[in-house]
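In my numbering, the protein residues as written are 2 to 302.
We put the beta carbon where it would ideally sit given N, CA and C, even for glycine.
Computed from a predicted model, the values in this text were never measured in an experiment.
Working notes, beginning with the structure itself.
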């Protein structure tokens, strides 16, 4: 049975082992951080940091260093600027995010242009934009896992105050919670999470791993803890299955060239989100007092 699901060499492949290990840790971190991102209404900030990651990755490629450091440096810098010029109201945050995003994308266009002009490396732009789990070097695995655990622990430790500041910043401030400082620390954890996602599925698509599982979990699970567990399960399942399909695709006819992992991961996440609409629709129908068709057929005339 397994030979129909896994192509030859899957379990003995070193790049597959690295992809599974790193992908699992990053998927869990992105899911947990994503639950707070959706709850706090900062999905746009996450998307902006993901796009700005393109600037960092292309800049790192241009000067010849690991792309993760570029993602991380520009993401953290953008998060700091967004917090500095933004305000606590959502409209102010969106304006600050939009300004930083525009500046970042302008630099990304310049860096990508210069990178293609002065480097003979092929496929670098595609890796920056859409990632590739199978090209992660073993030397970068420790720093990726350490960064993921740092972001995860930070968010878990601040979970209570993050929820309180999400629901009512005024009440949180009245209780002595440093709302601005909590928001700044959270944005840094968000920047790290986005940078990690960019490594495995690309800067353009990293928001999918951050927002998709979290949004799906919040629709089907009650309570933030359950939502985080469900989101982590969805993220890990999509990542694992995406790796399997991407590896198998190298054997698919007619080209035998393989499809990108990011395509499968994002497709699976979007599919899970669409499936989550089935249960709420049924609940709304029952709450409205509508009788299912089967009951209408079986009821006496």
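Best match in the options for proximity to residue i [C-alpha to C-alpha]
i           : options            : result
residue 153 : 11, 29, 270, 24    : 29
residue 26  : 147, 141, 108, 35  : 147
residue 7   : 253, 267, 268, 264 : 253
residue 266 : 70, 133, 65        : 133
residue 208 : 221, 139, 46       : 46
residue 80  : 11, 227, 105       : 105
residue 16  : 187, 142, 268      : 142
residue 75  : 194, 227, 275, 270 : 194
residue 14  : 248, 228, 234      : 248
residue 239 : 223, 268, 230      : 268
residue 135 : 44, 18, 108        : 18
Cβ shell of residue i (< 7 Å), same chain only, five flanking positions each side left out
i           : result
residue 236 : 28, 29, 31, 32, 210, 214
residue 39  : 212, 215, 216, 219
residue 177 : none
residue 183 : 159, 162, 163, 166
residue 77  : 189, 192
residue 44  : 38, 212
residue 108 : 56
residue 279 : none
Nearest-angstrom Cβ-Cβ length linking residue i and residue j, presumed shorter than 8 Å
i           : j           : result
residue 41  : residue 167 : 4 Å
residue 84  : residue 185 : 5 Å
residue 73  : residue 190 : Wrong, their Cβ atoms sit about 12 Å apart, outside the cutoff.
residue 137 : residue 20  : 7 Å
residue 221 : residue 277 : 5 Å
residue 68  : residue 144 : Contact flag wrong, Cβ pair sits at about 12 Å.
residue 51  : residue 149 : With a Cβ gap of about 16 Å, residue 51 and residue 149 do not count as contacting.
Buried or exposed by the 16-neighbour rule on C-beta atoms within 10 Å, applied to residue i
i           : result
residue 353 : Shown here, the chain extends from 2 to 302; a query on residue 353 therefore has no answer.
residue 53  : buried
residue 225 : buried
residue 228 : buried
residue 140 : exposed
residue 12  : exposed
Cβ neighbours of residue i in the same chain (closer than 6 Å, five flanking residues each side left out)
i           : result
residue 255 : none
residue 180 : 166, 170, 173, 174
residue 250 : 259, 260
residue 71  : 57, 58, 60, 61
residue 275 : none
residue 273 : 217, 235
residue 88  : Confidence in residue 88 is poor, its pLDDT being 48 and thus under 50, which makes the residue's placement unreliable; the coordinate value appears in the next sentence. Closer than 6 Å at the Cβ level, and outside the excluded window around residue 88, lies no residue.
residue 151 : none
8 Å CB neighbourhood of residue i in its chain, flanking five on each side removed
i           : result
residue 156 : 33, 34, 37, 163, 187, 190
residue 270 : 209, 210, 213, 214, 217, 235, 236, 239
residue 10  : none
Does the structure place the region 196-203 close enough to the region 56-75 that three or more beta carbon pairs sit under 8 Å?
yes
The region 107-114 / the region 59-79 touching (three or more Cβ pairs under 8 Å):
yes
Per the contact definition of three or more C-beta pairs closer than 8 Å, is the region 238-245 in contact with the region 6-24?
yes
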